[in-house]
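Following: one structure in structure tokens, then a few remarks.
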Amino acid sequence: MVAMNSMPIPTQPNSGERSLDTVELIDRMAHDLKASSDADLPHCYFVEQAKLRLAGVHTRERAANDTVKTVSKNIVNGPSSVFYAWAMPE
480 MVAMNSMPIP TQPNSGERSL DTVELIDRMA HDLKASSDAD LPHCYFVEQA
530 KLRLAGVHTR ERAANDTVKT VSKNIVNGPS SVFYAWAMPE
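Counting in this note's numbering, the sequence shown runs from 480 upward without gaps.
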């Protein structure tokens, strides 16, 4: 077991590079998204998309996955009305 006080503390290099502010990072990501997109949408749309990507949400993938899950569930199990018609007495 390693004692906690003997662990080395990593030092940050003092190079000439500066870290990006969150606002500047989001703005750069939004510009990159707009440049890679062929849609003529306002900048605020791409800012929101950049925020979602930073949060780990990919809207196109999530929507496609949700659609597939819904379709496959209905194909395998059928709609719930079929179950109620079969299992519940009138």
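C-beta: ideal position from N, C-alpha, C; glycine also. Quick caveat, the model's predicted, so the values are computed rather than measured.
Of the choices 565, 487 and 523, whose alpha-carbon is the least far from that of residue 502?
-> The option with the nearest alpha carbon to residue 502 is 523.
Go ahead and label residue 518 buried or exposed: buried means 16 or more other beta carbons lie within 10 angstroms of its beta carbon, across all protein chains shown.
-> Within a 10 Å sphere around the beta-carbon of residue 518 sit fewer than 16 other beta-carbons, which makes this residue exposed.
Which residue's Cα is closest to the Cα of residue 526: 515, 516, 536 and 510?
-> Nearest option by C-alpha distance: 510.
For residue 506, which of helix, strand or coil comes out of DSSP?
-> Helix at residue 506.
Determine the burial state of residue 514: buried for a count of at least 16 other Cβ atoms within 10 Å of its Cβ, exposed for fewer.
-> Answer is exposed; the Cβ neighbour count stays below 16.
Quick one: Cα of residue 534 to Cα of residue 505, how far?
-> Here the alpha carbons of residue 505 and residue 534 stand approximately 11 angstroms from one another.
Kindly indicate which three-state DSSP category residue 543 falls into: helix, strand or coil?
-> Its pLDDT being 49, under 50, residue 543 is placed unreliably in this model, and the coordinates cannot settle the point.
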